[in-house]
Amino acid sequence: MPIWLFILASAIKSALLLFVLLTAVAYTVWLERKVVGRMQNRWGPTRVGPFGLLQPAADGIKFLFKEDLTPPHVYKPLYIAAPLIAVIFALTSISVIPFGNAITIGGYSIPFQVTDVNTGLLLILGVTSVGVYGVALAGWSSNNKYSLLGGLRASAQMVSYEISLGLSLVGVLIMAGSFSLRDIVNSQGGHFWGIIPRWNIFSGQIIGFFCYLTAAYAETNRIPFDLPEAETELVAGYHTEYSAMKFAMFFMAEYANMVTVACLATLLFFGGWHGPRFGPDIVRAILPVFWFVAKVFVFLFVYIWVRGTLPRFRYDQLMAFGWKFLLPVALANVIATAIAVAW
Amino acid sequence: MSIHLILFLAFGAVCVAGAINLLAQTHPINSALSLIAVMAALAGEYLLLGAEFVAAVQVIVYAGAIMVLFVFTIMLLNAGEEERTKGSRVATLFGVPGILIASVLVGWMVLRHSGTEAVAAGALPGDPRTIGQLLFHDFLLPFEITSVLILIAIMGSVVLASKPPTTPRSVSVRKVD
Amino acid sequence: MVPISYYLVLSGFLFACGVAGFLIKRNIITIFMSIELMLNGVNLSFVAFAAHWHVIAGEAKGLVPLSGQVFVFFVMVVAAAEAAVGLAIIIAVYRNRETLNVDQLNLLKL
Chain A
41 MPIWLFILAS
51 AIKSALLLFV
61 LLTAVAYTVW
71 LERKVVGRMQ
81 NRWGPTRVGP
91 FGLLQPAADG
101 IKFLFKEDLT
111 PPHVYKPLYI
121 AAPLIAVIFA
131 LTSISVIPFG
141 NAITIGGYSI
151 PFQVTDVNTG
161 LLLILGVTSV
171 GVYGVALAGW
181 SSNNKYSLLG
191 GLRASAQMVS
201 YEISLGLSLV
211 GVLIMAGSFS
221 LRDIVNSQGG
231 HFWGIIPRWN
241 IFSGQIIGFF
251 CYLTAAYAET
261 NRIPFDLPEA
271 ETELVAGYHT
281 EYSAMKFAMF
291 FMAEYANMVT
301 VACLATLLFF
311 GGWHGPRFGP
321 DIVRAILPVF
331 WFVAKVFVFL
341 FVYIWVRGTL
351 PRFRYDQLMA
361 FGWKFLLPVA
371 LANVIATAIA
381 VAW
Chain B
8 MSIHLILFLA
18 FGAVCVAGAI
28 NLLAQTHPIN
38 SALSLIAVMA
48 ALAGEYLLLG
58 AEFVAAVQVI
68 VYAGAIMVLF
78 VFTIMLLNAG
88 EEERTKGSRV
98 ATLFGVPGIL
108 IASVLVGWMV
118 LRHSGTEAVA
128 AGALPGDPRT
138 IGQLLFHDFL
148 LPFEITSVLI
158 LIAIMGSVVL
168 ASKPPTTPRS
178 VSVRKVD
Chain C
52 MVPISYYLVL
62 SGFLFACGVA
72 GFLIKRNIIT
82 IFMSIELMLN
92 GVNLSFVAFA
102 AHWHVIAGEA
112 KGLVPLSGQV
122 FVFFVMVVAA
132 AEAAVGLAII
142 IAVYRNRETL
152 NVDQLNLLKL
């Protein structure tokens, strides 16, 4: 493939993915408000458009027109940079996530992925690690004791659960033998005995899956681990002093992280885009993307379901759980997987 | 002027700017942020040398964990701007030209005696599989020793940073008849 | 394309900046960060030489060309351990002396 065509295809894919991701983030907010509302026996947004479907658009317009004030006592460079850091790194990890097999357009094979890096999984872990700075610097630059404490708590929580997150993925890595996300999904093709698909969750990674899900809920600061940003706690935690567009950026970063976690869970444990294939050729090419999106939707629904159901952990309970329970379980999973594979 | 050289110069410029900024800033948080920029640019340099696993680990461990620790400490201790102490005029008079001459000399010597290896970055190994095999076969003993070192460091830092006990250890209560 | 010596010059420059920061700065946390900068410069040297050895020697002479990259891991581990313990010491010192200025940590001076 000539170099200019590659650059053009990558630019188009990046722009398209960015648009899709931002729309997905906006409609995840809508989905959350509807589902949590229904769980709490109320309607959720219904006024703006049918079923409240235009609510994210109304929210976006509101955020744009709200007064974006900068309090005088903040440390301006970091105050403005922190939400940018959070959003940029939340949106970066979508670039290595594969959505389906390759399609051929005009003789060239274009994969459904912006770039397939050899160490794709490590890139996502690295981006998650650096995303902690958005939270920590926001808390510090706000020059406000609630923000500082909230920021410190949130970043300490994120750093602690990163370890369990990484370790729970090592089991998958041992079974797949590669860091590249496309290779990991391809190793989950085929079926056991013709019926049960060879997804990692059926190949013995069930403990790894639950470790990953718990650690991911803590990484994205969602209930039951959302003490640092709960309203009844430290006012609003690290984004107390933020208004309008900057707050919207933190919001977007949190939901983009949720979408990334859901995408990774389907890729690593649920076979990615593998699913029954039928129909004519054009349908066959698009069907994997449809299966992938359906599985991601299931995971987002589980995220929201957990949010509506569970109470939140106290901070010391949270840290004790992360270090004293989740980390040994993830380690045990790694050892068990290694022994099982070496046998 | 290949793309390799352009990328090397770009990342190198960020490294140099970050290092000089670390020295020039007075507030430690700005120094910490420029050090993070240096580490990120160094990860780019490692990618140019074909060391993809080392680059990823550099971002995850160095920029994502060690520097977070530094930023935490700066935030916790509320470190303010640095006070300037009086410098020595003799040191500045002899030191700055001396450093410039020495560095130009060393740089020129190193750059002159270099071979040009026309190797693309993709041809160099550095994938996790090779490094894993090296780490667990040839370098197994240092690996185990470093894990013991980490354990010692964890215990040491927990003990050193914990608050001293505020209540007296043994309180003897005597019954008053 | 890019000779290895370019990487060595960059590595030397980073190391020199680290040493300069270590000697000039007065805030103890900044001194610590200069140490980390020195270690990063050395890591770049290691990786550059690993690439260099792969190009010129290979495995024919019984050398292990990627040892440079493996050694980078050990340097990173040592840097992490040292940063953890050093920052704990800094916190303990701050609790006792209420200052982060190295010039005022001179109780042992005669």
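Protein chains in written order, with the working numbering: chain A, 41 to 383; chain B, 8 to 184; chain C, 52 to 161. Even glycine gets a Cβ: it sits at the ideal position worked out from N, Cα and C.
Item                                                                                                                           : Value
Other residues of its chain near A/Gln80: CB distance less than 8 Å, five sequence neighbours each side excluded               : Gly348
In chain order, each beta strand (DSSP E) run of at least 3 residues that lies wholly inside the segment 184 to 268 of chain A : none
Cβ contact (3+ pairs, closer than 8 Å) linking the segment 278 to 291 of chain A and the segment 233 to 245 of chain A         : no
Residues bridged to A/Thr144 [DSSP beta-bridge criterion]                                                                      : A/Ser149
Closer than 7 Å at the beta carbon, the chain B residues around A/Asn158                                                       : Glu59, Asp134
Burial state of C/Gly113, where buried means 16 or more other Cβ atoms lie within 10 Å                                         : Low confidence applies here, because C/Gly113 scores a pLDDT of 49, under 50, leaving its location unreliable and the question unanswered by this model.
Buried versus exposed, by CB contacts within 10 Å (16 or more), A/Gln245                                                       : buried
Close beta carbons around A/Gly174, own chain, < 6 Å, minus the five adjacent residues each side                               : Ala122, Ile125, Ala126
Any chain B beta carbon closer than 7 Å to C/Phe73                                                                             : no
DSSP state of C/Gly113 mapped onto helix, strand, coil                                                                         : Residue placement at C/Gly113 cannot be trusted, given a pLDDT of 49 that sits under 50; the coordinates are not used to answer.
C-beta contact flag for A/Ala142 and A/Ser135 at 7 Å                                                                           : no
Under 7 Å from the C-beta of A/Leu189: neighbouring residues of chain B                                                        : Here the premise fails: no neighbours, minimum Cβ distance about 10 Å.
Candidates C/Val98, C/Met89, C/Tyr145: closest to C/Ile55 by CA position                                                       : C/Val98
Exposure label - A/Pro85; buried when at least 16 CB within 10 Å                                                               : buried
Residues that B/Met162 contacts on chain A, provided the C-beta gap is smaller than 9 Å                                        : Simply none; closest approach about 14 Å.
Element boundaries [alpha helix (DSSP H), containing B/Ser164]                                                                 : 147 to 168
Sheet register partners of C/Asn78 (DSSP bridge)                                                                               : C/Asn152
Residues that B/Leu142 contacts on chain C, provided the C-beta gap is smaller than 9 Å                                        : Val121, Phe124
Alpha helix (DSSP H) segments (min. 4 residues) lying fully within the segment 275 to 361 of chain A                           : 284 to 309, 321 to 349, 355 to 360
A/Phe152 versus A/Leu213: straight-line alpha-carbon distance, rounded                                                         : 22 Å
Boundaries of the alpha helix (DSSP H) in which B/Phe15 is found, first to last residue                                        : 10 to 31
Chain-ordered chain B contacts of A/Gly166 [CB-CB under 7 Å]                                                                   : Ala63, Val66, Ile67, Gly71
CA-to-CA distance, A/Val336 to A/Pro328, given in whole angstroms                                                              : 12 Å
7 Å Cβ cutoff, C/Thr150 in contact with chain B                                                                                : no
Partner residues on chain C for B/Ala168, Cβ-Cβ distance less than 7 Å                                                         : Ala139, Ile142, Ala143
Three-way DSSP call (helix, strand, coil) for B/Leu142 in this model                                                           : helix
Rounded C-alpha distance that separates B/Leu16 from C/Leu90                                                                   : 21 Å
Meets three-Cβ-pair contact criterion under 8 Å: the segment 32 to 43 of chain B and the segment 69 to 84 of chain B           : yes
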